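Accompanying notes for the structure given below.
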Amino acid sequence: GIAARDFELRVLCDPDARNRGVIESSAATVIPFVIARRFDSTAVDGIKREIREFGPEILHLCDNRAVLNGLRAARGTDLRIVVYRGNVGNVNVLNPLAWLRYLNPRVDRIVCVSDSVRDYLANVGFLGWRLPPERLVTIHKGHDLAWYTQAPVDLEPLGVPHDAFVVGCVANWRPRKGIEILIDACERLSSDVPVHLVLVGDMGKSDIPQRVAASPIANRVHVLGVRPDAPAVAAAFDVAVLPAVTREGLPKTVIEAMAFGVTTIASRVGGVAELIEDGVSGIIVPPGDARALAEAIARLHGDSQLRASLGRRAKERIGTRFRVEDTIDKTAALYRSLVAR
Numbered sequence: 626g627i628a629a630r631d632f633e634l635r636v637l638c639d640p641d642a643r644n645r646g647v648i649e650s651s652a653a654t655v656i657p658f659v660i661a662r663r664f665d666s667t668a669v670d671g672i673k674r675e676i677r678e679f680g681p682e683i684l685h686l687c688d689n690r691a692v693l694n695g696l697r698a699a700r701g702t703d704l705r706i707v708v709y710r711g712n713v714g715n716v717n718v719l720n721p722l723a724w725l726r727y728l729n730p731r732v733d734r735i736v737c738v739s740d741s742v743r744d745y746l747a748n749v750g751f752l753g754w755r756l757p758p759e760r761l762v763t764i765h766k767g768h769d770l771a772w773y774t775q776a777p778v779d780l781e782p783l784g785v786p787h788d789a790f791v792v793g794c795v796a797n798w799r800p801r802k803g804i805e806i807l808i809d810a811c812e813r814l815s816s817d818v819p820v821h822l823v824l825v826g827d828m829g830k831s832d833i834p835q836r837v838a839a840s841p842i843a844n845r846v847h848v849l850g851v852r853p854d855a856p857a858v859a860a861a862f863d864v865a866v867l868p869a870v871t872r873e874g875l876p877k878t879v880i881e882a883m884a885f886g887v888t889t890i891a892s893r894v895g896g897v898a899e900l901i902e903d904g905v906s907g908i909i910v911p912p913g914d915a916r917a918l919a920e921a922i923a924r925l926h927g928d929s930q931l932r933a934s935l936g937r938r939a940k941e942r943i944g945t946r947f948r949v950e951d952t953i954d955k956t957a958a959l960y961r962s963l964v965a966r
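Numbering (my numbering), first residue to last: 626 to 966.
Set out below in structure tokens:
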């Protein structure tokens, strides 16, 4: 990790964080730390204390709460400030919160998870003002294929026939995720393409259960809810789909499916085109277009050789173009450039 690249690293980490064990196994010092709200005076005091005791040169802030409270804690210091942005959209110059976070002139660099995020931020502005381009840097999140070696989940006990052609989506419901569009697409398929649709994720306050119950293919739609083993469930899909309509940075569920060698269809939103080479390592469809999505599913249903080729190339692409080592190298180079100023 980056702690082995001549950096002394201290990580303030939620005790319940899923990846805490991975961080603790690295050379970093891990401090249990909770930021309970956007404006958290206790957290600000705690960050100030760590700054005094540790004496860092760089403060790297990785989510909205960390950015808001970390920037407050850094007032009056000469720390270089790095913040992370993982989504396209939702940064508005007319929103005061934006100036306390990503538009704050105290921020030295914004690490963008994809070029699409960088390009979006480069065009955020008002009356001729724009974020300085040198403040924006793209660093893709790296993945290790060794993380994706679990056996696919057996879907038969979950109601999916063992010989079914499974189309699946892993996403917590939001209007922008387009789950309704995927259901619509599957309903459009002819009777000789009898797919089973598996939905994994928190459906929240959506009407997805009612939508499914009223569907003509209700007996072939399986709403599994939240699954801690969601990547291994996705590994059992014949085709994974991300039908999002906007705001994807570098969608993790697409990366996970590709890393398992699962053929993937995704909407052309955000950083999807940076992950998938259309027709080579997956299929990209226009956002919001249920007809195009249905056609892509039908095409893959009828061509097992194409599915195998796309899945194989998808896994190769994650293994060669989105490596953890590259993320570490680029982050280390960013840190060095800041401390050399």
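All C-beta atoms, glycine included, are put in the ideal place defined by N, C-alpha and C.
Since we're looking at a predicted model, the values are computed, not measured.
(1) Once DSSP output is grouped into helix, strand and coil, what is the label at Arg-852?
(2) I'd like to check one pair, Ile-806 with Gly-874: are the Cβ atoms closer than 8 Å?
(3) For Ala-796, count neighbouring C-beta atoms within 10 Å of its own C-beta (all shown protein chains included) and say buried if the count is 16 or more, exposed if not.
(4) Note down, in chain order, each residue of its chain lying with its Cβ closer than 7 Å to the Cβ of Lys-955, except the 5 sequence neighbours on either side.
(5) Under three-state DSSP, which class holds Tyr-960?
(6) Inspect the beta-carbon positions of His-847 and Val-823 and report whether they are closer than 8 Å.
(7) Which residues does DSSP list as the beta-bridge partners of Trp-798?
(8) Whole angstroms is fine: what's the gap from Glu-607's alpha carbon to Pro-640's?
(9) In three-state terms, what does DSSP make of Cys-687?
(10) Please classify Lys-830: is it buried, with 16 or more other beta-carbons within 10 angstroms of its beta-carbon, or exposed?
(11) Out of Thr-667, Ala-652 and Ala-653, point me to the one whose CA is closest to Val-659's CA.
(12) Among Ala-789, Trp-798 and Asn-844, which one has its Cα closest to the Cα of Glu-812?
(13) Closest to Arg-916 by C-alpha separation, out of Ile-953, Pro-868 and Trp-772, would be which residue?
(14) How many angstroms separate the CA atom of Ala-958 from the CA atom of Asp-832?
(15) Smallest Cα separation from Val-732: which of Asn-720, Ile-656 and Ala-699?
(16) How many Å lie between Ser-739 and Pro-876 at the Cα?
(17) Using a threshold of 8 Å, state whether the C-beta atoms of Ile-656 and Glu-682 are closer than that.
(18) Would you mind working out which of Pro-819, Phe-885 and Asn-748 sits nearest Tyr-773, comparing C-alpha positions?
(19) Exposed or buried, Thr-945, counting other C-beta atoms within 10 Å across all chains shown (16 or more means buried)?
(20) Terminal residues of the continuous beta strand (DSSP E) containing Ser-892?
(21) By DSSP, does Arg-700 sit in helix, in strand, or in coil?
(22) For Val-818, collect the residues of the same chain with a Cβ closer than 6 Å to its Cβ; drop the 5 residues on either side in sequence, then sort them by chain order.
(23) Determine whether the beta carbon atoms of Leu-814 and Thr-888 lie at a separation below 8 Å.
(24) Which partner residues of Arg-755 appear in the DSSP bridge assignment?
(25) Below 8 Å between beta carbons: does that hold for Leu-634 and Ala-653?
(26) Here's the rule I'm using: 16 or more other beta-carbon atoms within 10 Å means buried, otherwise exposed. How should Pro-856 be labelled?
Short version:
(1) Counting from 1 along the sequence shown, the entry for residue 852 is found at position 227. In the displayed model, Arg-852 falls within coil according to three-state DSSP, outside both helix and strand.
(2) Stepping through the sequence shown from its first residue, residue 874 is reached at position 249. Stepping through the sequence shown from its first residue, residue 806 is reached at position 181. In this structure, Gly-874 sits away from Ile-806, with a CB-CB distance that is not shorter than 8 Å.
(3) Locating residue 796 in the sequence shown gives position 171, where the first residue counts as 1. When all chains shown are included, Ala-796 counts as buried.
(4) Sequence index remark: in the sequence shown, residue 955 carries index 330 (1-based). If you ignore the 5 residues before and after Lys-955, its C-beta comes within less than 7 Å of the C-beta of Ile-764, all in its own chain and listed in chain order.
(5) Position 335 of the sequence shown, counted from the start, is the residue given in the question as residue 960. DSSP, reduced to helix, strand and coil, places Tyr-960 within a helical segment of the structure shown.
(6) Taking the first residue of the sequence shown as 1, we reach residue 847 at position 222. Taking the first residue of the sequence shown as 1, we reach residue 823 at position 198. In contact: His-847 and Val-823 (Cβ atoms closer than 8 Å).
(7) Along the sequence shown, read from residue 1 onward, the residue named residue 798 stands at position 173. Partner(s): none; Trp-798 has no beta bridge.
(8) Absent from the structure is residue 607, since the part of the chain shown begins at 626 and ends at 966.
(9) Working through the sequence shown from its first residue, we reach residue 687 at position 62. If DSSP states are grouped into helix, strand and coil, Cys-687 belongs with coil.
(10) As a first step, residue 830 must be located in the sequence shown, where it is residue number 205. Exposed, since its Cβ has fewer than 16 Cβ neighbours within 10 Å.
(11) On the sequence shown, residue 659 is found 34 positions in, with the first residue counted as 1. Minimum Cα distance to Val-659 is reached at Thr-667.
(12) Start at 1 with the first residue of the sequence shown, and residue 812 comes out as number 187. Ranked by Cα distance from Glu-812, the options Ala-789, Trp-798 and Asn-844 are led by Asn-844.
(13) Counting from 1 along the sequence shown, the entry for residue 916 is found at position 291. Distance check between Arg-916 and each of Ile-953, Pro-868 and Trp-772 places Pro-868 closest, using alpha-carbon atoms only.
(14) Against the sequence shown, residue 958 aligns to sequence position 333. Against the sequence shown, residue 832 aligns to sequence position 207. Annotation: Ala-958 to Asp-832 spans about 47 Å, alpha carbon to alpha carbon.
(15) One-based indexing of the sequence shown puts residue 732 at position 107. Considering only alpha carbons, the answer is Ala-699.
(16) As a first step, residue 739 is located in the sequence shown; it is residue number 114 there, counting from the start. As a first step, residue 876 is located in the sequence shown; it is residue number 251 there, counting from the start. Going by the C-alpha atoms only, they are around 10 Å apart.
(17) Taking the sequence shown and counting its residues from 1, the one referred to as residue 656 is at position 31. Taking the sequence shown and counting its residues from 1, the one referred to as residue 682 is at position 57. Contact flag unset, no.
(18) In the sequence shown, residue 773 corresponds to position 148, counting from 1. Of the candidates Pro-819, Phe-885 and Asn-748, the residue whose Cα lies closest to the Cα of Tyr-773 is Phe-885.
(19) Counted from its first residue, the sequence shown places residue 945 at position 320. Residue burial annotation: Thr-945 is exposed, with fewer than 16 other C-beta atoms found within 10 angstroms of its C-beta.
(20) Walking along the sequence shown from the start, residue 892 turns up at place 267. For Ser-892, the enclosing beta strand (DSSP E) starts and ends at 888 to 892.
(21) Here residue 700 refers to the residue found at position 75 of the sequence shown. Reduced to three states, the DSSP call for Arg-700 is coil.
(22) By 1-based counting over the sequence shown, the position of residue 818 is 193. Residues Ala-923 and His-926 of the same chain have their beta carbon placed closer than 6 Å to that of Val-818, with the five preceding and five following residues left out of the count.
(23) Stepping through the sequence shown from its first residue, residue 814 is reached at position 189. Stepping through the sequence shown from its first residue, residue 888 is reached at position 263. Pairing Leu-814 with Thr-888 gives a Cβ-Cβ distance that is not under 8 Å.
(24) For the purposes of this step, residue 755 is taken as residue 130 along the sequence shown, with counting starting at 1. According to DSSP, which records beta bridges pairwise, Arg-755 is partnered with Gly-750.
(25) Walking along the sequence shown from the start, residue 634 turns up at place 9. Walking along the sequence shown from the start, residue 653 turns up at place 28. Yes, Cβ-Cβ distance for Leu-634 and Ala-653 is below 8 Å.
(26) Locating residue 856 in the sequence shown gives position 231, counting from the first residue. Pro-856 is buried by the Cβ-count criterion.
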